[in-house]
Structures are given as structure tokens and as C-alpha cells.
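Here the protein sequences line up with chains W, P, B and R, keeping their order.
The first sequence maps to residues 27 to 324 in the working numbering.
The second sequence maps to residues 27 to 324 in the working numbering.
The third sequence maps to residues 27 to 324 in the working numbering.
The fourth sequence maps to residues 27 to 324 in the working numbering.
Notes for the one structure printed next.
There are 4 protein chains.
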Amino acid sequence: MIAPTHAVFLVAAPDQPGLVARLAGFFYEAGLNIVDASNHTDPHAEGAARFYMRIVVDLAGLSAPAASATLGGSATRASLEAAFGALATSLGATYAMRATDDVAKIAILVTKDPACLYDLILRQRSGELPCEIALVLSNHPTLEPVAQSFRIPFYCLPVTPATKPEQEKQVLELCAKHHVELVVLARYMQVLTNGFLEGAPPVINIHHGFLPAFQGARPYHQAYARGVKLIGATAHYATKDLDEGPIIEQDVARVTHAMGPDEMTRVGRDVERLVLSRAVRAHLERRVIVEGLRTIVL
Amino acid sequence: MIAPTHAVFLVAAPDQPGLVARLAGFFYEAGLNIVDASNHTDPHAEGAARFYMRIVVDLAGLSAPAASATLGGSATRASLEAAFGALATSLGATYAMRATDDVAKIAILVTKDPACLYDLILRQRSGELPCEIALVLSNHPTLEPVAQSFRIPFYCLPVTPATKPEQEKQVLELCAKHHVELVVLARYMQVLTNGFLEGAPPVINIHHGFLPAFQGARPYHQAYARGVKLIGATAHYATKDLDEGPIIEQDVARVTHAMGPDEMTRVGRDVERLVLSRAVRAHLERRVIVEGLRTIVL
Amino acid sequence: MIAPTHAVFLVAAPDQPGLVARLAGFFYEAGLNIVDASNHTDPHAEGAARFYMRIVVDLAGLSAPAASATLGGSATRASLEAAFGALATSLGATYAMRATDDVAKIAILVTKDPACLYDLILRQRSGELPCEIALVLSNHPTLEPVAQSFRIPFYCLPVTPATKPEQEKQVLELCAKHHVELVVLARYMQVLTNGFLEGAPPVINIHHGFLPAFQGARPYHQAYARGVKLIGATAHYATKDLDEGPIIEQDVARVTHAMGPDEMTRVGRDVERLVLSRAVRAHLERRVIVEGLRTIVL
Amino acid sequence: MIAPTHAVFLVAAPDQPGLVARLAGFFYEAGLNIVDASNHTDPHAEGAARFYMRIVVDLAGLSAPAASATLGGSATRASLEAAFGALATSLGATYAMRATDDVAKIAILVTKDPACLYDLILRQRSGELPCEIALVLSNHPTLEPVAQSFRIPFYCLPVTPATKPEQEKQVLELCAKHHVELVVLARYMQVLTNGFLEGAPPVINIHHGFLPAFQGARPYHQAYARGVKLIGATAHYATKDLDEGPIIEQDVARVTHAMGPDEMTRVGRDVERLVLSRAVRAHLERRVIVEGLRTIVL
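As C-alpha cells, this is what we get:
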């Protein structure tokens, strides 16, 4: 394999002396080179200070003698994860490990608006989003040609209030069948039930409004009526409290009194696309740690 | 007088054919040169489309023959305003006229934080804010030396819940005595009563939060707890619904998970200053038309 | 016809008293309602003050009696333009008139990068860019499938230094054959000759750099080497002085020391797309007046 | 002492395995808690990859047994620095160590414009800039009252081409006498000679233009003439190549065709103040590593 294979470790722990030294020391002893690292200690966390770290190591070191010596004779990804897990436990830490050649499969849920869908597909094709788009799913057939032109499987599952439980069950089954690890709501104009969210992999939503300012429907009409001078978009993990999930990314654009709701919608659409793609990228690069209502993006 | 004297006209009217032509034609016939003009038609206004215009004319033309001919023999500011008022009435318009040499007096209300106060004073001194700062008023003596170093009268009127009606009455009396036409709340940490607002000239407030997201107290602590990625500030006219008055200007700055509430406060303070000064400037340059909850800033 | 048909007038003239009144009065007398207007007087222009105005009128009024009376019996677009042209001449003004149902045809020139091409096509399809994309032309076959998936004619005209004169001639012929009125260089990695520019309709280029900071090739590598903290993009009319044409739109994004040239390129690509589409839109909405090296965007 | 005393370590080294582990391990063994850390590896550096790290440790640990054991019986700041220096040498690293209670003295050089001077003083007073303003120095007496109102020593040293060598010598003597460690050029309208820069402590300059776009004089007039849509400011270390020193911070603001040079100057002044104060703060918080023409701001 030409491109080097890395593993990303995300760690969250109660703050304590020596954390950086012990985590970095673990990889040093195992002969695994750290190619990128960042950490943050939050003294304001409720209860007690919290420590967060993201470490990227080069897995090429697994084939060197130091790794075998440290990881017990057989230096594999599995033994690496087991050994790191033991360290994490001793620190009271939660962690996640992921190799960069273990490409995540994602599902994109849409309705009729093609803007965010094209944007995500093109960024994936250009190498900007490290994932495989396993399927596009919609409650309308409108965007089938878009998926087809990129040879991505497309599923149309119409939904009515009466059929929503059944339809959501089908969506979950499709996600399971395709081994989907992330669901991206790219202007999917349906409220998801708690049941769905409990059974689904992580879900990232783009809210076309600057949360928590304009929750609910038609935020640009709300923004116009309120005469705001900036509009924004918010990408967040979907949770059962609609529009209240942990925020991953936000941005704004300037508007004026001269713009009606349609013009604000147009300006907002550009912000939405940028914000959604940045959030999906941060998630796929394993940069996001969720801590209650907040995210730490390392 | 060296600098040319202009008059600014602000007009709001139901939309109708020929408005620009009739308004511009009025000044053309009177021999008054239009040095700046901008207008906006809002088709989304409730009820029916609304028209807004700001026109700046050079009053030097008042001494030319055309003016006398049109304005009835005696071309003065008063006869100009009377004639324009008649036109406005015929169009169903509301309007305001103000000469640039008629410098507005303002009062700045503060508590203990000097940042916004210094900012406003320095901008006024540099010619950026066309006004006279008639007085600085506070419920604390802390900032008296600041006002004194710029030779601006300073009044300290402490306030308790019991004395608030009496204190507000004194504030209104001071404003009246100094012919104050605009009150700027530059981090004045007191809620004003409806009684005060009804008796006062226009009041501009800076809300250290991105309205309507974080209303009420300690918005930066709210922003931290919610994990937002942007914080902002909003300058608005104070109305009896706290934090709900017409928005004049807003801006934001980017924050990260690494910033605690104090750091967010520091970043926010810079945004507050910029936003407040821009709003005060727009008001003083007679650019702001209030229409219900919205402003048109021409 | 359901959607109202408007005409946009762009005017540039030496400043003189009564311009707004005379221009607005012209349409008022002709019974044509002004639905949008903006103007600007630049006192800093070399030589003498210059006046610029954009006026949008509703052509529905052409069928009313007032129009016939004013425009000489036969109120048509042609007689309207003739009458307006006579007024413009009397004011020493240059002008352009264009009806909104007279949709401009554009050509998009690309090489291999699909990002800007997709962006322009999708915005055109969503109604954001009022034009018809008559052809996509490239010196490489790479993007033919993109054009095909949207059923847009695609021409591949390879070019070498030796064949450039001939290839440019073919490009000009294709533009003429398709009645192209605007050429958009959407990452067309070829320098155009003066001969081409003299024979071509207006050409808008996106420069992936914040002009005039980083001219020439590989601006993101220059930006990295210089350690800048912001990168930007500039959309401008192409002129014979490479990268020196009148600027239509610019924007920037923040970068850090942690970004290498590739990451800067990725961030820059988003800025490029936004800036190019805003510039093309401003041109198509007839908002741009070129005055020497500067543009006035009304 | 109530506030905890920290020490900031800045390290630059050739990249090599185990750097984070060895640096963090050093402090862990010495019983010094790391309260903040960030690092960056630049694979694009000329020659070979470079590693940069900023580590903030709590000096309270110096009085604990672990420190004495590790630092050789006598755990002092001096022995800590000696031990760290030995480690740095073994890694081929350069480093700097600074305790937060060792407050830097700075000199602010101005001419007549008070905006940046007030801004820096007020930020220092509010605790935002961890330094002592030892003196304000100008070639004009204009701003003496400003310095006096804050009880800061003010020196007026007029300068002509003929007296420049002598005047610069006096400036250097004043800086030495006041133990100045940073010189801030807050709109000091004089070009400094190489001789001065060689003898002076680090000098931060604010360039009122978006380097490298508009170098030299009157950048806002250049910006107007070129019709740019954004203007900016750049804070950089002064080097003998005027306006070519390593950039610390930059920002921009949007401008339009409607702004003349004066209005651009006003908008630019706000950007200048923000950018200069951010750069000075980053320097004082020991976040800036200079590497050739670039800075790494950790």
C-alpha cells in the first residue's frame, strides 16, 4: 500500500497529572510514531476538569521489533487496541480507535433539494471526505438521477404520518444492510422519531438557521420578519430534542433589509452547504468528541 | 462656513408609481443638488409593499433663485421643510429632515466597564460619530475619571429597586436639560422601565449576545454551556419588550471549545464595541428607518 | 406570460444636478413603474465626479396609454430604448438596457477540475444564475461526462503553444455560433492572448489568490511560503494585463500555520466557487459597471 | 500569591519519533502538571520536517518532592530551565522558557493617531495584555496627554532625516533603561533603520494594508484606485526588509465602490486595532515561534 496507514485515537478522561506523558509515552514505547496530536483541558466542565486528546499514529511501526516487544509478541491492530484499552481503563478514560484505511460508509438522506447532495458527493469524489457513500435515500424520487449519474445506489421510500414507523424501519434496515456508520441529513425534510434515533448510527443534521436563534420551520422567514442582519446555519448531531443536539459547526452570512425571504434562503443555502460539509469532514476525520450538549472538535 | 451643509431626508411611504421621480423632482425644481440617494421597496411588507428612501441634498442651493421661486419667495430651511412636508402628505408618507450642522446631543449611560465608553468617545473625537456627547451618566462613580479626562460632564445616580422610579426621573430630567436626542446604553447594567422608555428619546442598547439566540443574563455563559462555535452582539432600539426591539446591527466572531466563558467574554467585547459604534453611527447619519420590528438601514 | 418582464438600465454619466430626477422622471412620464433603483456618485473619480445608476422598470407599462403618448405612438422596447438613448446622449451618459426575458447565453471554459463547473451548472439550474449555459469547452476531455449528464454541449479543443492561435480561433467561432455573450473561465488553466480577448465577449476569470497579493502561478504555495493567515480569491474581468482586470468580487478564509499547501488549496477552492458565482450573478443581473480599473457593483 | 504561577515553554526542533512523549515525560517526572499543551509538525518545511510545541506547566509543583528528586536536590526555576535546556540540546531543539509572573515591559511608539494607543492601553488595563507599558514614545507631542491620563511615562523625540541616527540611538537607550522587551509600532510613521532593528528587542508593526498586496505608503488610496472589495491589516515582526517580516496576524473588512479613501481608512482603522492587539497578545502569551519568513502561532 502506497499511502501510509494511520490510526486515530480519540480520548476523553477526567483531568489528572501526566496524561499527555502517559498517552504519548504509550506510543513511543510501542515504536509508533505520532504524526499529529492535539489536546485540550476544560477546567469549566461540570463536576471536575476534563481532558480531551486526539492522537494520530503511523501504523507502519507495527511491523518493527519495538511493537512486538511492547504489545506482547504479536503486534496487530487488535493487540494495539487491547493494550491501549487497558491504559484507557486505568485512566478512567473513554476512547475510540480507527484506522484510516477502514473507510466509513455513510448514507445521505434527502428530499428534493439537490444542492447539499451534489456538494457532499463532489467533495467525497475529490478526496475531501474520507468515506464511501453507500446509498442515497429519499422520500421522493426527484434526486434519483443525481445518484445514478454518480453510480450511487438510490432508494425511494415515501412516507406519510401513518407509514412513518414502517418507513423508518426500512431505512434502518437499509443502513444495517449497507453497514452504514453515519447518516447525513442533507435537507431531509422529515422529523425523525426517537425510535429511529435510538436504533440508528450517529446522525448529522444541517439546520438552516443559526441555532439556538430560530428553531423549527421556515427559519429564513423568521429571520426576515425579525429583521436580522446576519443569517446562519448549524450542523449538529440529531438527538431526540429536535434542534438541540450537540453543535459541530456554525457559520453566518450578512444580509440586509433589501433581501426578502427568498434571497435570504439563497444566501443561507451557501452557508448550509459549507457548514454541513465541514461537520461531516470533522466527524469522518475523527475530530469530534461529544460531551453532554457540547462538542470538542480537535 | 467651509464644510458644505447638507440636509438628510428619510421617507417611508406606501409603494406607488413615480415615487423616486416625484421626490427627486421636488429637489431638482428647488435647485437643491442631491449628493446622495438610496431607496428600497419591500414587496414582502405586511399588508402592502412599502417604499423607503434616504436623500441627502446640498443646502447651498437655498440661496439660489430657483429655490426662492419654488419655495415661495423665502427659501429657508423652514420653508423647505414645509414644502417637502406637503409633498409627503400627498404621498401618504412619513418623513424626517435634519441638517448636518444641527449636531445631535447624546447621553451615554454606563456602569463600570470602560471599553464601550472609551470607544464611543474616541470615535466621536476622531469625527466618526457626528454628535456631541452631552453627558455620561452612571449608577457607579467608577468611570468618572474617564469622562473628566475628556471634559465631558459626568453624573453619578446610584439606583436600588426602591429608588429606581426616582432615579429614572432624574435621568430623564438630565436628558431634557441637556437637550439629549439619543441615549446610548454602553453596558448600562440596568433594566429600564416602560415608563422611562416612554418618556425618553430613542435608546440604543448593545446586547452582548446574538439575538434572538441568547436573551437575558450572562449570554456568554449560556453560549459556553451550549457549545456554540460563534458568538455575537446585537445593537437594537430599546423597547418595552426587553431584547426584542428593532435590530440595527449585528456581528459575530468565531469561538472554539478551547475558550471558557471568560475568553468568550473577551472576544465578545470586541464585537460589542464594533457593533454598538456602527449602530450609533447609522442612527446619527440618519440612515435608520424603523418599521415595526424591523429596521431599514439605507 | 406569468413572471413580470423587467428591463434593467445601467447608466454612467458625469455628475450634474438633477440626474436622478431626470432619469426617474423619464420612466414616470412613460408610465413605466420603477421596481428597483440604486445610484452612486463618486466624488473621487479622476478628472471630475461620476454618477452611476441602475434602474429596473416593469415593461408591463409599455401597453398602457401613457407609454404610447410619451414614446411616440408606438410603445415598444425599441422605441423605449431609442427615447432613453436620446436622454442619455443629452446627459453625456453611456448606458445599457436589457430585458430580463432576453436570457444571456454563456460559455464555461474548464480544464480538469469539476468543482467550479458543477457549482455554476447547479446554480443555473436552481434559478440563481439567469442565463443559458450554451456550451462547456475544455482543452481536456475529462469533464465531458459532467456536461453530458446535464445535456450541455461539450467541446474538447486541445491546445499546445504551437496550436494556440488556431485553437483560440475555434473557441471564438464556437462562441459566435452559439451567440455567447459571456465567457466564464472556471479554472481554465490557459493564458488567453490579447487577440482572443479583443475578439471575445466579456470574460470573467477566477483567480485563486487574493489579488493583488499573489499574482501568477501556484498562489497557495506562495501563501504557505509567506505564512499568511488569510487566503482569498478574486473574480475579475480578464484584460490583456494578466490578473490586473477590474475586480468584481473578492472573499477570504482564515488559514493557520497547521495547513500545508494542499489544505490551503482545499479551503481556497470553496472561496473560489463562492466568489466566481457571485461575480457571474452580478454580471448577469446587470449590476456591474466598469470604470477604468474599478467596478461599480450596484 | 493567589493566582497560580505558570511557565510557558516554546520548543522548535527537527521532527523525530517520541518528541511529545519525551517533552511531556520530562515534566511528568518532575511532578510539574501540564495545564495546556499544543504542538504541530510541519512536513512541508524546507529541508526536513519541523516540530513545534508550546507547553504551559504549573510551577507550584516545584515545591513538591518529585521536583527535588528530578532536578537535583534544589528545585528552582533556574534548575528547571537548566534541566530542560539539557533535554532540548539532546533533541537539537531551540527553546524559550518564561514564567507568567515575570511580566514583560513594552514600549509603544506612536506619532499622532490615538486610536491604536488607546486600544493597547485599555486592553492592558483590562488584563487582556499581560505586560507593563513602560513608556510611550513619539516624534510628536500630540499624544502626551493620553499617556499622562494613564500615568505612563511619555517621551517626545522629534526626528528629521538628519537627526534620525541620533534619535534612534536615544530610543534604544530609553528601551534599555526601561528594560523593554517588546517594541510596538502603533502607527509610528517612521521607517526604522537596520541599525535600530539590530539593536532593538523584537518589534511588532501594524501595516495598514493586506500584505503582501499593498506595500508602502497610502495603502487605502491604492486599494481605492484598484477597486478592491476587501481591505485588511497585517501585524508582523519588523525586519530590515520593510513590510516583509514574519506575519503574526491578519484580518479584513468588506468595502464597496461607494467608499472613498477616507471611508476605507476609517474601516481599516478598526481592523488595524484588532489585528495589532491580537498579535501583541499572542507574542506576550508566548505563542509565536518565528521560522524564517513564517510564524507558527500555537
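Idealized CB from N, CA, C, for every residue including glycine.
- In the DSSP assignment, N220 of chain P falls outside any beta strand (DSSP E) and within the unbroken alpha helix (DSSP H) covering 220-225.
- For P287 of chain B, the chain R residues whose Cβ falls inside 8 Å of its Cβ are H70, in order along the chain.
- Contact of A75 of chain W with chain P by beta-carbon distance below 8 Å is absent, the smallest such distance being about 11 Å.
- Bridge pairing for G258 of chain R: R:V278 [DSSP].
- In its chain, beyond the 5 residues on either side, L183, V185 have a beta carbon closer than 6 Å to the beta carbon of Q193 of chain P.
- For R292 of chain W, the nearest CB of chain B lies under 8 Å from its own CB, placing it at the interface with that chain.
- In this structure, H234 of chain P keeps its C-beta atom at 8 Å or more from the C-beta atom of Y250 of chain P.
- The criterion of a C-beta distance shorter than 8 Å is not satisfied by F180 of chain P and V197 of chain P.
- Relative to N165 of chain P, the option among P:I178, P:E270, P:R213 whose CA is nearest is P:R213.
- Following the DSSP letters along the chain, one finds E55 of chain W inside the alpha helix (DSSP H) bounded by residues 45-55.
- Boundaries of the beta strand (DSSP E) around F35 of chain B: 32-40.
- Closest in C-alpha terms to L106 of chain W, from the list W:A119, W:G118, W:S89, W:V314, comes W:S89.
- Using a CB distance below 9 Å, the part of the segment 44-69 of chain P facing chain B consists of G44, L45, V46, A47, R48, L49, A50, G51, F52, F53, Y54, E55, G57, L58, N59, I60, V61, D62, A63, S64, N65, H66, T67, P69, ordered along the chain.
- For the pair I274 of chain B and P30 of chain W, the Cα-to-Cα distance works out to about 43 Å.
- DSSP, reduced to helix, strand and coil, places A93 of chain W within a helical segment of the structure shown.
- DSSP, reduced to helix, strand and coil, places I230 of chain W within a strand of the structure shown.
- For K138 of chain P, the closest of P:A119, P:G153, P:V172, P:A109 by C-alpha to C-alpha distance is P:V172.
- If you check the CB distance, A33 of chain B and R124 of chain B come in under 8 Å.
- Between the segment 209-226 of chain P and the segment 141-152 of chain P, the count of C-beta pairs closer than 8 Å reaches three or more; the two stretches touch.
- Residues of the segment 175-188 of chain P that bring their beta carbon within less than 7 Å of a beta carbon in chain R comprise S175, in sequence order.
- In the structure shown, the three-state DSSP call for Y181 of chain W is strand.
- For T67 of chain B, the closest of R:H283, R:R304, R:P191, R:L85 by C-alpha to C-alpha distance is R:H283.
- Cβ neighbours of V316 of chain W within its own chain (closer than 6 Å, five residues either side excluded): P272.
- Straight across, the Cα-Cα distance linking A38 of chain W with R320 of chain W is about 13 Å.
- The beta-carbon of K266 of chain W is placed no less than 8 Å from the nearest beta-carbon of chain P.
- Nearest CB-CB separation between E154 of chain R and chain P: below the 8 Å threshold.
- Here A284 of chain W is not bridged, per DSSP, to any residue.
- For A173 of chain P, the enclosing alpha helix (DSSP H) stretches over residues 170-175.
- Chain P places no beta carbon closer than 8 Å to that of I257 of chain W, leaving this residue out of the contacts.
- Spatial neighbours of G286 of chain W in its own chain (CB-CB distance under 7 Å, excluding positions within 5 residues in sequence) are listed in chain order as Y250.
- Bounds of any beta strand (DSSP E) do not take in R151 of chain R; it lies within the alpha helix (DSSP H) bounded by 141-151.
- The Cβ atoms of R313 of chain B and V301 of chain B do not sit closer than 8 Å to each other.
- Residue-level contact by beta carbon holds for E275 of chain B and chain R, with a gap shorter than 8 Å.
- With a threshold of 8 Å between beta carbons, H234 of chain B makes no contact with chain R.
- Assigned with DSSP and collapsed to three states, K138 of chain R falls in coil, not helix or strand.
- In the three-state reduction of the DSSP assignment, D84 of chain B falls in the strand class.
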